[in-house]
Amino acid sequence: MNRLLKQWKALVAVCYLMASVAPAVADGRSAKFNYLLRCSGCHDQDGTGLPSAGIPALPGYIDAFAGDDEGRTYIAHVPGVVATGLTDVEIAAVLNYVIDRWGDPKTVEPFTEAEVKKRRAEPVSDVVAYRRRIVERLKTSGVKIADYPWP
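The sequence shown maps to residues -26 to -1, 1 to 125 in mature numbering (1 follows the signal peptide of the UniProt record, and there is no 0).
Below you can see the structure in the form of structure tokens.
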């Protein structure tokens, strides 16, 4: 009987743990889940994007922007990021997921909630013109930039 009681308590503990973790996953709190739900519609699951439609590829290119001060501000103002409805914490997690998956996290600082909040508060009235200026500067420095129809 004592053994059965211990097993019952263990089962209750496992169920409690599963129930406490499930809402976070169901809410889409994981960075991968949020990327798949909110970003892959344009950038695709493999990050390849659709350059002809203005959606640049992420693999091999995300570090150019994520490793640049103005580039990080640009990323925080990309229309897809602005329209996600995610919190600053969730946006930072998704951006870090993208860097971990398609960039080089050893050379790029991770985003933090505070940084995302600060950069989103910076005024960028024309995100396309802002990107053009960054691209021009990066290309002049020899940085390879993803194909994009609005140079």
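The beta carbon of each residue, even a glycine, is placed where N, CA and C say it ideally should be.
Quick caveat, the model's predicted, so the values are computed rather than measured.
* **Same chain, Cβ closer than 7 Å to valine 117, five either side skipped, listed in chain order** => Taking the sequence shown and counting its residues from 1, one reaches residue 117 at position 143. Same-chain partners within the cutoff: Ala38.
* Asked: In or out: glycine 59 buried (at least 16 other Cβ within 10 Å) or exposed?
  -> The residue given as residue 59 occupies position 85 in the sequence shown. Glycine 59 is exposed by the Cβ-count criterion.
* Asked: Is it a yes or a no for the segment 99 to 111 touching the segment 38 to 55, going by three-plus beta-carbon pairs under 8 Å?
  -> yes
* To do: Can you give me the start and stop residues for the alpha helix (DSSP H) that phenylalanine 39 sits inside?
  => Your numbering for residue 39 matches position 65 in the sequence shown. 36 to 40 is the span of the alpha helix (DSSP H), which, as asked, contains phenylalanine 39.
* **Nearest-angstrom beta carbon gap, leucine 11 and glutamine 19 [assumed within contact, 8 Å]** => Translated into positions along the sequence shown, residue 19 becomes position 45. Translated into positions along the sequence shown, residue 11 becomes position 37. Actually they do not touch by this definition, with Cβ atoms about 11 Å apart.
* Decide yes or no for the touch test of the segment 60 to 74 against the segment 83 to 95: beta carbon pairs closer than 8 Å, at least 3 of them. => yes
* **Three-state class that DSSP yields for isoleucine 73 in the structure shown** => As a first step, residue 73 is located in the sequence shown; it is residue number 99 there, counting from the start. Of the three classes helix, strand and coil, the one that applies to isoleucine 73 here is helix, per DSSP.
* From the DSSP output, read off the bridge partner residues of isoleucine 29. => The residue labelled residue 29 in the question sits at position 55 within the sequence shown. Isoleucine 29 pairs with Leu24.
* Asked: Beta carbon of alanine 5, beta carbon of glycine 21: below 8 Å?
  -> Walking along the sequence shown from the start, residue 5 turns up at place 31. Walking along the sequence shown from the start, residue 21 turns up at place 47. Taking 8 Å as the Cβ cut-off, alanine 5 and glycine 21 do not qualify as a contacting pair.
* **Residue range of the alpha helix (DSSP H) that includes residue 132** => Residue 132 lies beyond the stretch modelled for the chain, which goes from -26 to 125, so this question has no answer here.
* **Proximity to alanine 40 [Cα-Cα], best of Gly23, Asp74, Glu96 and Asp100** => Within the sequence shown, residue 40 is the residue found at index 66, counting from 1. Measuring from the Cα of alanine 40, the nearest candidate turns out to be Asp74.
* Where the alpha helix (DSSP H) containing valine 82 begins and where it ends -> The residue you call residue 82 lines up with position 108 of the sequence shown. Unbroken run through valine 82: none, as it is neither H nor E.
* **Three-way DSSP call (helix, strand, coil) for aspartate 43 in this model** => Locating residue 43 in the sequence shown gives position 69, where the first residue counts as 1. It is helical.
* Asked: proline 53: which of Lys113, Ser26, Gly34 and Val98 sits nearest, CA to CA?
  -> For this step, residue 53 is matched to residue 79 along the sequence shown. Among Lys113, Ser26, Gly34 and Val98, the Cα nearest to that of proline 53 belongs to Val98.
* Asked: Does DSSP put alanine 57 in a helix, a strand or coil?
  -> Here residue 57 is taken as the residue at index 83 of the sequence shown, counted from 1. The answer is coil: DSSP assigns alanine 57 none of H, G, I, E or B.
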